[in-house]
Every structure is written in C-alpha cells, then in structure tokens.
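Chains as they are written, first to last, in the numbering used here: chain A, 2 to 301; chain B, 207 to 444.
For reference, the structure is listed below as structure tokens.
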Amino acid sequence: MKITAGACTRGEIEYLLENGADEISCGLNDIPSFCGNHSIPGLKIHQIHEISDEVHSAGKKLFIYANETRPDWSTRIPALRKIFEEERADGFILADAEQIELYDKAVGLNQHISENYSKNVNMPEWHMGILGFCFNSAAARRYRSRGVKRIIIPQQILPCESREICSIMPETEFYYLIHEMDKNIDGLCMGCRDDSSEIRFCMRGFRTTAGYVSFPAFSLEERLAYFYGYFGQDSFIKIVRFGSTELRRLVFNEAKELGKLAGKTSTEAGFVAEASGLVSEEYIPRFRELIRKNSIGMLH
Amino acid sequence: MKTEKAIFLTPLQLSGIKKIPGKISKVYLGSDSCEHMLPSPEDIKKVHDMGVEPVVSVPILTDFHLERLCGLVPAMLKLYWKPEVSANDIGTVIRLREKFGSDINISAGRHLFAQWARNSLDYTAGLRDEFNISMFETDDVYTAESFLQTNKFRIAFHYPYKYYSLTRICPYKGGIYQNCDRACADRYIPLDDGSIIWRGNAYFTKSGAIPGLPPDRMILSYDMISGHVSKGDTGGIK
Numbered sequence: 002m003k004i005t006a007g008a009c010t011r012g013e014i015e016y017l018l019e020n021g022a023d024e025i026s027c028g029l030n031d032i033p034s035f036c037g038n039h040s041i042p043g044l045k046i047h048q049i050h051e052i053s054d055e056v057h058s059a060g061k062k063l064f065i066y067a068n069e070t071r072p073d074w075s076t077r078i079p080a081l082r083k084i085f086e087e088e089r090a091d092g093f094i095l096a097d098a099e100q101i102e103l104y105d106k107a108v109g110l111n112q113h114i115s116e117n118y119s120k121n122v123n124m125p126e127w128h129m130g131i132l133g134f135c136f137n138s139a140a141a142r143r144y145r146s147r148g149v150k151r152i153i154i155p156q157q158i159l160p161c162e163s164r165e166i167c168s169i170m171p172e173t174e175f176y177y178l179i180h181e182m183d184k185n186i187d188g189l190c191m192g193c194r195d196d197s198s199e200i201r202f203c204m205r206g207f208r209t210t211a212g213y214v215s216f217p218a219f220s221l222e223e224r225l226a227y228f229y230g231y232f233g234q235d236s237f238i239k240i241v242r243f244g245s246t247e248l249r250r251l252v253f254n255e256a257k258e259l260g261k262l263a264g265k266t267s268t269e270a271g272f273v274a275e276a277s278g279l280v281s282e283e284y285i286p287r288f289r290e291l292i293r294k295n296s297i298g299m300l301h
Numbered sequence: 207m208k209t210e211k212a213i214f215l216t217p218l219q220l221s222g223i224k225k226i227p228g229k230i231s232k233v234y235l236g237s238d239s240c241e242h243m244l245p246s247p248e249d250i251k252k253v254h255d256m257g258v259e260p261v262v263s264v265p266i267l268t269d270f271h272l273e274r275l276c277g278l279v280p281a282m283l284k285l286y287w288k289p290e291v292s293a294n295d296i297g298t299v300i301r302l303r304e305k306f307g308s309d310i311n312i313s314a315g316r317h318l319f320a321q322w323a324r325n326s327l328d329y330t331a332g333l334r335d336e337f338n339i340s341m342f343e344t345d346d347v348y349t350a351e352s353f354l355q356t357n358k359f360r361i362a363f364h365y366p367y368k369y370y371s372l373t374r375i376c377p378y379k380g381g382i383y384q385n386c387d388r389a390c391a392d393r394y395i396p397l398d399d400g401s402i403i404w405r406g407n408a409y410f411t412k413s414g415a416i417p418g419l420p421p422d423r424m425i426l427s428y429d430m431i432s433g434h435v436s437k438g439d440t441g442g443i444k
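This is the structure:
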C-alpha cells in the first residue's frame, strides 16, 4: 500500500514523511490549483528547493497540483518550467488534456515522457486529477495516449467499476473517502464554486415541509468496502488537502491504520467488520469534534 | 435564425405523456444526471411515433453503463437517420465515435461542455472538429453568450434549471447500484425557500435567465409544460 498525502505547510510535509507517507502532493501559490471557493494555503515557489530536498532525501516523491483551468492558467507555465528544468518535482497533477498540450509546447515535456516511460527512466509524470472526468476505459486510453501515467479515480466510481481503467493505466490512485464528505460526483460542484459560507454545500441540511434532508453519503460500511476494494487493486491512496492540519493528520493516520488492517485481513466482510469498530471508536468522534471546531474547505 | 425548441423528459415522465406540444421538435429522452434513466427502445419508439425526434441524453458514464448505451443505439438507427446522443464525458464521445462512426450525431451535454469551456476556445474548437460535435449544451448564460458571439459553435440552452451539484449515491436507497428500481419516481423537491430543486440525484437552481443572443436550441424542463414540482414531501429521501 502506498499513500500519497496532500500537504499545505512545511511542517505537514515533515510530519507526513516521518510518519510513513510514500508521496507528498502540494499546491504552490504560483501554480494555482483547483480549490473551489475553499481557500487552502499553498506553498511558495521559493520554498520548492527546500521542499524538494526534504522529500527526495527521505526517498519519497513530490507532486505539484496544477489542476486549475481558469482562463489565466497559462501564466503558470514559467513556474512549471522552472520546477521541471531544475528537476524539483516528480510530476504534476492536471485537470485536462489541453494542459498537457500547452505544457508540452512550453517545455517539451510530453514527448520526453512518452519516449521514456517504457525505458524505466525516472521522468516527471503527468497525473490526471478528477477534473479530467476519467470515468471509463475509453477516457483512460485517451489520457494514456497523451502521456498520462496515473489516473486519480473520481470518488464515486466503485472498485468493481474501475477495473478496466486500472488495467489500462500504469498507475491509479483512489480517494481516501472522508467521513460524511466527498458527496459530489466530481470537482465541479457549484456549491464549492459559489458558496462563500464556511460550511460546505454538501454538508448542509436543507429544509423541506417534511423536515430536514441532506446530501446522501456512503455509509461507513460502504466506505470501508470501497477502501478494501481499491486496496486490493494496488492503487495509491490519496489523502486530500482539506480543513485544518489536525483534520488532515487524523485522516492520514486513519488511512494508514486501515491499510495495515486491510493487509492482514483476507476478506472484505472481515475487514469491514473489524475496521467499523476501530473507526467508530477511535476516529469518528475525534473527526466530528474537529469538524465542529474548524471551518471546512476541501481541495481535489 | 430561429431557435429550435426541445423538451427534456425522463422515461418516467414520458410514460404519462400522450402528446408532445406542437412547437417542440425534439425530445431529450433520458437524464444527464442519472445513469438509471437510460430510455428503452420502446421509449424511443414512442417519442418517434409522436412525430418528434428523440435525442438520447446520458450522464457521465462508467464502462458498464456506456455499454448499455452502445446497446441502445442500433435501435435508434433502425428508426431514423442520424440519431443524436447527448454525451457528458469524453470517454462516451470516443466510444460512440469508435463504434458508430458518422452514423450518429453527438452533442456535448452540459457537464462535458462545462469541462471543455474551462479551457481555451481553440481547444474546444479542436475537440468539436476531432469528434464532429454537432451541438454544445449549457445552462450558463455567460458561457452561452460567449460561445454564441463567436458564431462558431451551435449552442443549446437548458431552461429554467441550472446544474448545481450531482451525486451517484442514491438519496432513496443509499449506495451506488448497477440496477435501479427508480425509487425516486423522478420527483422535483424544492429545498429551503425553493431556490434549490432536488431532483433524483442532482441539485439545480432555478435561474430563469436566458442568453441575450438566441441559442440554436432551447431545452425546456418537463415542468415547463406540466407544473410537476412537488409541493414539499421528501418522498422517502433519507
């Protein structure tokens, strides 16, 4: 099992490396990444040398989010070129194939990658984030043909639905689903784009004449079965950047513990039964407490 | 140029309809938010027999549901020339073109076009040409106007509901299923002060705004002709 964990500060990177993260993904202010309206701090471009040295000296990989496609996004190319030329990052997380084409024109990266993947040369990687809408194998084939190495599977595709995608891509990454979150099918929820309130649209209750209703979410058992299914497919586990440092650490540690348990458990039913107890007692109460304490923002 | 009028119907809504109003020339049949609303060959024939051309609308599709769509297209091809499918993800567009070539028309549904429209105009034009996309759907006035101004894209505008959010997790049964008994019964449920409508597994806002430039096609919601909005009960939503 490999965990790719999102980090928002130097301190978090340090913590994640010391506690077993295999890869770090982070945003840089100079390379805007998609965050809806939930602003989460990015790191500064001048920090890239220190971050890169720290991650690489620990024998881990560093990925940079570049998955915002607002009209002015091409202004990030100089920063991206600098990171690439100085070999500071192991890859970039994108949102659309257009980005690959334009980055290719700017730095000649795509052709470089296509030519070298098969030679096992260590080259910067393109990862396609959930805004690439890779919901089926036809989309996966297209992205693969464009030089994408890893697909980040949209949250609401079940493991049994993604087998063909996984068979096409050299690598896949799945979301570690967080309690009562990840309720939207993709990153284009207008609630995250329009709503300036601190409470996420998908976590609100809505009034009807028959009482309050809320966005449907996976049950705990469904969430754990989802984890076990992707764990069995040898996908990377993605921990998103959201909320506060405390929340991110809690979720990281929960995912790590579940990974260990999944490795020791031979059936999905056995895993779900054992993990339900662990999560209900150890993690959900602390998570709810932190949700109340913190305003919630989430990046994809 | 005259704006063509279409109406959006799910198979459930179609079952209660005997006649399509005269000014409607196309029926969007299916759903752009729920994979379980794929129409049957009988649904398509019913619309066709009413003298109106069906456009099959599908949401973002996983492989399983994409193959169900591919299984439906031959029934459309038997009925009429160049049937139209409104697709909402790049994989569906690719698969349809691979399997049916130029025998069908493909339009970019509102989710797919929202994704493409975030990129440059040239890129979207490139995708239009690569996949021979005949129509681009949106529910966003700004997007509609900015693309209409170019005179290079045929735009269909959804009215009056604007997409807000979408889930695959069934609000009625919980979880994600490959088969569905349509427990939602396709209700429209107003939330809070009615500014948000919950329909099946999607949320919409009622924008009421239309583009300043006439779109090539207006796609009207079913309740524009039926007054179908539920007065409040949650109808079993958990």
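Cβ coordinates follow ideal geometry from the N, Cα and C atoms, glycine included.
Quantities reported herein were computed from a predicted structural model and do not represent experimental measurements.
The alpha-carbon of residue 280 (chain A) is positioned some 8 Å away from that of residue 255 (chain A). Interface residue (Cβ-Cβ distance to chain B less than 8 Å): residue 219 (chain A) is classified as such.
Residue burial annotation: residue 30 (chain A) is exposed, with fewer than 16 other C-beta atoms found within 10 angstroms of its C-beta. Counting other Cβ atoms within 10 Å of its Cβ, residue 13 (chain A) reaches 16 or more and is therefore classed as buried. Assigned with DSSP and collapsed to three states, residue 180 (chain A) falls in coil, not helix or strand.
With a threshold of 8 Å between beta carbons, residue 138 (chain A) makes contact with chain B. Chain-order list of chain B residues neighbouring residue 254 (chain A): empty, with the shortest C-beta distance near 26 Å, by a criterion of under 9 Å. Taking 8 Å as the threshold, the shortest C-beta distance from residue 349 (chain B) to chain A does not fall below it. For residue 157 (chain A), at least one C-beta of chain B is nearer than 8 Å to its own C-beta. Exclusion of the five residues before and after residue 230 (chain B) leaves 211, 212, 213, 258 as the residues of its chain whose Cβ lies within less than 7 Å of its Cβ. Here the C-alpha atom of residue 219 (chain A) lies approximately 11 Å from the C-alpha atom of residue 373 (chain B). Where residue 369 (chain B) is concerned, the enclosing beta strand (DSSP E) starts and stops at 367–372. Under the DSSP assignment, residue 254 (chain A) falls in the alpha helix (DSSP H) whose first and last residues are 246–265. In this structure, A:44 is the residue among A:78, A:77, A:44 with its C-alpha nearest to the C-alpha of residue 63 (chain A). Only those residues of the stretch 243–277 of chain A whose C-beta falls short of 8 Å from the nearest C-beta of chain B would be listed, and there are none. Within chain B, no residue has its beta carbon less than 8 Å from that of residue 179 (chain A); the closest one is some 14 Å off. At a Cβ-Cβ threshold of 8 Å, residue 298 (chain B) and residue 278 (chain B) do not count as neighbours. Contacts between residue 300 (chain B) and chain A, judged by CB atoms closer than 8 Å, involve 139, 140, 142, 143 in chain order. The C-beta of residue 134 (chain A) comes closer than 8 Å to at least one C-beta of chain B. For the C-beta of residue 321 (chain B), the chain A residues within less than 8 Å are, from N- to C-terminus, 97, 132, 134, 189. When the beta-carbon positions are compared, residue 251 (chain A) and residue 287 (chain A) come within less than 8 Å of each other. The shortest C-alpha to C-alpha distance from residue 347 (chain B) to any of B:421, B:382, B:305 is the one to B:421.
The Cβ atoms of residue 262 (chain B) and residue 235 (chain B) sit closer than 8 Å to each other. Nearest neighbour of residue 419 (chain B) by Cα position, chosen from B:330, B:360, B:251, B:256, turns out to be B:360.
Against residue 208 (chain A), the close residues of chain B are 397, 398, 399, in the order they occur along the chain (beta-carbon pairs closer than 9 Å).
A contact between stretches requires three or more CB pairs, one per stretch, nearer than 8 Å, and the stretch 77–86 of chain A fails this requirement with the stretch 16–26 of chain A. As computed with DSSP, residue 260 (chain B) is found in a beta bridge with B:233.
Counting only Cβ-Cβ distances below 7 Å, residue 185 (chain A) has contacts in chain B at 371, 372, 373, in chain order.
Rounded to whole angstroms, the separation of the alpha carbons of residue 248 (chain A) and residue 340 (chain B) is 46 Å. Below 8 Å, too few C-beta pairs join the stretch 380–398 of chain B and the stretch 320–331 of chain B to call them touching: fewer than three.
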